[in-house]
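**Q**
2 protein chains.
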Amino acid sequence: MITLTEENYIKAIYHLSNNGTENVNTNAIAEAMSTKASSATDMIKKLSEKNYADYKKYQGVTLTEKGKRVAVNIIRKHRLWEVFLVEKLNFTWDEVHEVAEHLEHIKSDKLIDELDAFLEHPTHDPHGDPIPDKNGNFQHIDKIVLAKANIGVAYKCVGVDDTSTAFLQYLDSNGIALGTMITVIHKEPYDNSVKIQLKDTEIVVSQSVAKNLYLKKV
Amino acid sequence: MITLTEENYIKAIYHLSNNGTENVNTNAIAEAMSTKASSATDMIKKLSEKNYADYKKYQGVTLTEKGKRVAVNIIRKHRLWEVFLVEKLNFTWDEVHEVAEHLEHIKSDKLIDELDAFLEHPTHDPHGDPIPDKNGNFQHIDKIVLAKANIGVAYKCVGVDDTSTAFLQYLDSNGIALGTMITVIHKEPYDNSVKIQLKDTEIVVSQSVAKNLYLKKV
DNA sequence: AATAATTTTTAGACTTATCTAAATTTGTTT
DNA sequence: AAACAAATTTAGATAAGTCTAAAAATTATT
Ligand SMILES: [Mn+2]
Ligand SMILES: [Mn+2]
Ligand SMILES: [Mn+2]
Ligand SMILES: [Mn+2]
């Protein structure tokens, strides 16, 4: 049996490790879980004993294949529920994350398979993140960050890195959503802010916005 | 903050107390929760301290108004999720209970209000049990148990008392579902079994079936 | 290479929910 | 009213997950 807490740690490690490819520090895990390093150490040991992770003292931790499977499955559930909330229950993209944090732990294969079918097998969640299929395969989008976009090229907004309410509401209030067309007009070297052309308006966004918005050439 | 375990105990007490009207014994609670009397005592004390229940040592417990509100809200969530699973995700009425036991603890007013609207404000769950509205009001059906039905009168099946998989699958395999028309042909005094007329067939059901099936005159 | 700073682990304590075994209270018989 | 039986509570332990404070290992700096 896997506990809810174990699932949350595994998911955090998966994200911190760049989808299970890199080693992760104890402090980074503690920070991500809003807990103390000593608690993270305890959990890392437990995950290691249960073969969800490989761990050598003082050397950080990596997810095993088993651990990665668990992580991907929780991410699948999280993102499917997010789609459900937005598509069927009138949630906005800044409201879904918290509820999905809980729904992702409901254990029922039939539930998630039927939900997937009910939503007509969506490939991306409301933040543009890919939804792994039943076998754990992601559909990868070839996206770049606004900060690296070229001047004068037409792009479409396809995702966000930061999914905080504050950032998503900032985008809302500036008329930026998934699918919005964006062209870079000017990149300001002084503060790395970017002037962009939207449908009817031109706006300037800060570097932190430019680093959290994903675009795709059209 | 209320814990998941507290919610489950409160719900159990609500059901055992005949919807919050009667006093409940420690042993009955322990039995319902599949735990030991000593554990039940501990939780009863805690619920009492938190004003979900009134409790005097050795005298059993009653839910307070606050406790009843919590219970009714969980029951509302449980039954709405059951409707969702059957209506939208192709679950059968014998598959929903276990998953709903978990979904009922997700805390989001928006989620449950939107789910209610999405399902078009259902009044009864897949087992015929009434779904309380947002204010906790039940829509009462005037139902009787098959064992007390009169011979020759036309009834409609409107609910079940036992929601176990075994019982529900028994009903399935005998062509009995919510909405099925039933007329009593004969009541056998020897073992209290009942011969009933369905659409095309006549079948004999045992006393335990007759006591768990609810009917309404049409 | 020695020392200092940082990171990580250990030790011991706390909380929630559970258990077993023993003690207490209540209810039922004689 | 005393004795017995049943129900309930208390006492003391355990497991999961957390914390603080101290110890140990690693990494960075001189
Ligand atoms: Mn999310
Ligand atoms: Mn998302
Ligand atoms: Mn149920
Ligand atoms: Mn039900």
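As given, the protein sequences belong to chains H and Z, one line each in that order. Counting from 1, position 97 in the first sequence corresponds to residue 96 in numbering that gives the first Met the number 0; the numbering is continuous, with no gaps. Counting from 1, position 38 in the second sequence corresponds to residue 37 in numbering that gives the first Met the number 0; the numbering is continuous, with no gaps. Cβ atoms here follow ideal geometry from the backbone N, Cα and C, with glycine treated the same way.
Let me check you understand the geometry: is the CB of residue 99 (chain Z) closer than 7 Å to at least one non-hydrogen atom of ligand 3?
**A** Here residue 99 (chain Z) refers to the residue found at position 100 when the second sequence is read from its first residue. Yes - ligand 3 has a heavy atom lying nearer than 7 Å to the Cβ of residue 99 (chain Z).
**Q** Do the region 87–105 of chain H and the region 28–38 of chain H meet, that is, are 3 or more Cβ pairs less than 8 Å apart?
**A** Contact between the region 87–105 of chain H and the region 28–38 of chain H is absent, because fewer than three Cβ pairs lie under 8 Å.
**Q** Between residue 14 (chain H) and chain Z, is there a C-beta pair that is closer than 8 Å?
**A** Stepping through the first sequence from its first residue, residue 14 (chain H) is reached at position 15. Not closer than 8 Å to any Cβ of chain Z, the Cβ of residue 14 (chain H) fails to qualify, so no.
**Q** Could you please give the first and the last residue of the uninterrupted alpha helix (DSSP H) stretch that includes residue 2 (chain H)?
**A** As a position in the first sequence, residue 2 (chain H) is number 3, starting the count at 1. Element bounds for residue 2 (chain H): n/a, residue is neither H nor E.
**Q** How about residue 159 (chain Z): is its Cβ closer than 7 Å to a heavy atom in ligand 3?
**A** Here residue 159 (chain Z) corresponds to residue number 160 of the second sequence, with the count starting at 1. Residue 159 (chain Z): no, Cβ never under 7 Å from ligand 3.
**Q** May I ask you to list the residues that DSSP assigns as paired with residue 196 (chain H)?
**A** Start at 1 with the first residue of the first sequence, and residue 196 (chain H) comes out as number 197. Beta-bridge pairing links residue 196 (chain H) to H:182 and H:201.
**Q** When DSSP labels each residue in this structure, what does residue 105 (chain H) get in the three-state scheme?
**A** Taking the first residue of the first sequence as 1, we reach residue 105 (chain H) at position 106. If DSSP states are grouped into helix, strand and coil, residue 105 (chain H) belongs with coil.
**Q** Can the beta-carbon of residue 123 (chain Z) be found closer than 8 Å to that of residue 131 (chain Z)?
**A** By 1-based counting over the second sequence, the position of residue 123 (chain Z) is 124. By 1-based counting over the second sequence, the position of residue 131 (chain Z) is 132. The answer is no: Cβ separation not under 8 Å.
**Q** Strictly under 8 Å for the Cβ-Cβ distance: is residue 33 (chain Z) near chain H by that measure?
**A** By 1-based counting over the second sequence, the position of residue 33 (chain Z) is 34. Not closer than 8 Å to any Cβ of chain H, the Cβ of residue 33 (chain Z) fails to qualify, so no.
**Q** What do you get for residue 3 (chain Z), buried or exposed, if any count of 16 or more other CB atoms within 10 angstroms of its CB means buried?
**A** Residue mapping note: residue 3 (chain Z) aligns to position 4 of the second sequence, counting from 1. When all chains shown are included, residue 3 (chain Z) counts as exposed.
**Q** Between residue 159 (chain H) and chain Z, is any beta-carbon pair separated by less than 8 Å?
**A** Translated into positions along the first sequence, residue 159 (chain H) becomes position 160. No - not a single Cβ of chain Z is within 8 Å of the one on residue 159 (chain H).
**Q** Does the beta carbon of residue 119 (chain H) come closer than 8 Å to any beta carbon on chain Z?
**A** Counting from one through the first sequence, the residue named residue 119 (chain H) turns up at place 120. With 8 Å as the cut-off, residue 119 (chain H) does not count as an interface residue toward chain Z.
**Q** In chain H, which residues lie with their C-beta within 7 Å of the C-beta of residue 101 (chain Z)?
**A** Mapped onto the second sequence, residue 101 (chain Z) falls at position 102. Within chain H, the residues near residue 101 (chain Z) are 105.
**Q** With DSSP collapsed to three states, give me the class of residue 154 (chain H).
**A** Looking up residue 154 (chain H) in the first sequence gives position 155. Reduced to three states, the DSSP call for residue 154 (chain H) is strand.
**Q** Taking the beta strand (DSSP E) that residue 53 (chain Z) belongs to, which residues open and close that run?
**A** Counting from 1 along the second sequence, the entry for residue 53 (chain Z) is found at position 54. Here the beta strand (DSSP E) through residue 53 (chain Z) covers 52–54.
**Q** Quick check on residue 57 (chain Z): does DSSP put it in helix, strand or coil?
**A** For this step, residue 57 (chain Z) is matched to residue 58 along the second sequence. Looking at residue 57 (chain Z) - three-state DSSP - the assignment turns out to be coil, as it is neither helix nor strand.
**Q** List the whole-angstrom C-beta distance separating residue 85 (chain H) from residue 110 (chain Z), where the pair is believed to meet the contact cut-off of C-beta under 8 Å.
**A** Within the first sequence, residue 85 (chain H) is the residue found at index 86, counting from 1. Within the second sequence, residue 110 (chain Z) is the residue found at index 111, counting from 1. About 12 Å separates the two Cβ atoms, so there is no contact after all.
**Q** Going by the C-beta, is residue 162 (chain H) closer than 7 Å to any heavy atom of ligand 1?
**A** Here the question's residue 162 (chain H) lines up with position 163 in the first sequence. Answer for residue 162 (chain H): yes, Cβ within range of ligand 1.
**Q** What span of residues does the alpha helix (DSSP H) with residue 170 (chain Z) cover, start to end?
**A** Looking up residue 170 (chain Z) in the second sequence gives position 171. 164–172 is the span of the alpha helix (DSSP H), which, as asked, contains residue 170 (chain Z).
**Q** Of the choices Z:152, Z:101 and Z:55, whose alpha-carbon is the least far from that of residue 106 (chain H)?
**A** Mapped onto the first sequence, residue 106 (chain H) falls at position 107. Comparing Cα-Cα distances from residue 106 (chain H) to each of Z:152, Z:101 and Z:55, the minimum goes to Z:101.
**Q** On the three-pair Cβ rule with 8 Å, is the region 21–28 of chain Z touching the region 196–214 of chain H?
**A** Short answer: they don't touch.
**Q** Please report the residue range of the alpha helix (DSSP H) in which residue 45 (chain H) lies.
**A** Here residue 45 (chain H) is taken as the residue at index 46 of the first sequence, counted from 1. 36–48 is the span of the alpha helix (DSSP H), which, as asked, contains residue 45 (chain H).
**Q** Just the chain H side, please: which residues come within less than 9 Å of residue 98 (chain Z) by C-beta, in chain order?
**A** The residue you call residue 98 (chain Z) lines up with position 99 of the second sequence. In chain order: 105, 106, 107, 109 and 110.
**Q** Ligand 2 and residue 78 (chain H): does the residue's C-beta get closer than 7 Å to at least one heavy atom of that ligand?
**A** What you label residue 78 (chain H) is simply residue 79 of the first sequence in a count that begins at 1. The answer is yes for residue 78 (chain H).
**Q** Since residue 216 (chain Z) is in the beta strand (DSSP E), which residue starts that stretch and which ends it?
**A** For this step, residue 216 (chain Z) is matched to residue 217 along the second sequence. Counting along the chain, the beta strand (DSSP E) containing residue 216 (chain Z) begins and ends at 212–216.
**Q** Would you verify that the beta carbon of residue 87 (chain Z) is, or is not, closer than 8 Å to some beta carbon of chain H?
**A** Counting from 1 along the second sequence, the entry for residue 87 (chain Z) is found at position 88. It does; some Cβ of chain H falls within 8 Å.
**Q** From which residue to which residue does the alpha helix (DSSP H) around residue 81 (chain Z) run?
**A** Along the second sequence, read from residue 1 onward, the residue named residue 81 (chain Z) stands at position 82. Looking at the DSSP string, the run of the alpha helix (DSSP H) that includes residue 81 (chain Z) is 64–88.
**Q** Could you list which residues in chain H have their beta carbon closer than 8 Å to that of residue 114 (chain Z), in chain order?
**A** Start at 1 with the first residue of the second sequence, and residue 114 (chain Z) comes out as number 115. 88, listed in chain order.
**Q** Can you name, in chain order, every residue of its own chain whose Cβ lies under 7 Å from the Cβ of residue 139 (chain Z), other than the five neighbours on each side?
**A** To locate residue 139 (chain Z), count along the second sequence from 1; it is residue 140. These residues qualify, in order along the chain: 129.
**Q** Considering only residues of the same chain and omitting the five flanking positions on each side of residue 61 (chain Z), which have a CB-CB separation below 6 Å?
**A** Taking the second sequence and counting its residues from 1, one reaches residue 61 (chain Z) at position 62. Hits under 6 Å: 22 and 53.
**Q** Would DSSP call residue 96 (chain H) helix, strand or coil?
**A** Along the first sequence, one-based indexing puts residue 96 (chain H) at 97. It is helical.
**Q** Is residue 123 (chain Z) helix, strand or coil by DSSP?
**A** Along the second sequence, read from residue 1 onward, the residue named residue 123 (chain Z) stands at position 124. Strand at residue 123 (chain Z).
**Q** Taking C-beta to C-beta, are residue 126 (chain Z) and residue 162 (chain Z) nearer than 8 Å?
**A** Numbered from its first residue, the second sequence carries residue 126 (chain Z) at position 127. Numbered from its first residue, the second sequence carries residue 162 (chain Z) at position 163. It is a contact, given that the beta carbons lie within the stated cut-off.
**Q** By the 10 Å Cβ neighbour count, where 16 or more other Cβ atoms means buried, how is residue 120 (chain Z) classified, buried or exposed?
**A** Reading the second sequence from its first residue, position 121 is the one you call residue 120 (chain Z). Exposed, because fewer than 16 other Cβ atoms sit within 10 Å of the Cβ of residue 120 (chain Z).
**Q** Whose CA, out of Z:158, Z:188 and Z:144, lies closest to the CA of residue 179 (chain Z)?
**A** Stepping through the second sequence from its first residue, residue 179 (chain Z) is reached at position 180. Of the listed residues, the one whose Cα sits closest to residue 179 (chain Z) is Z:158.
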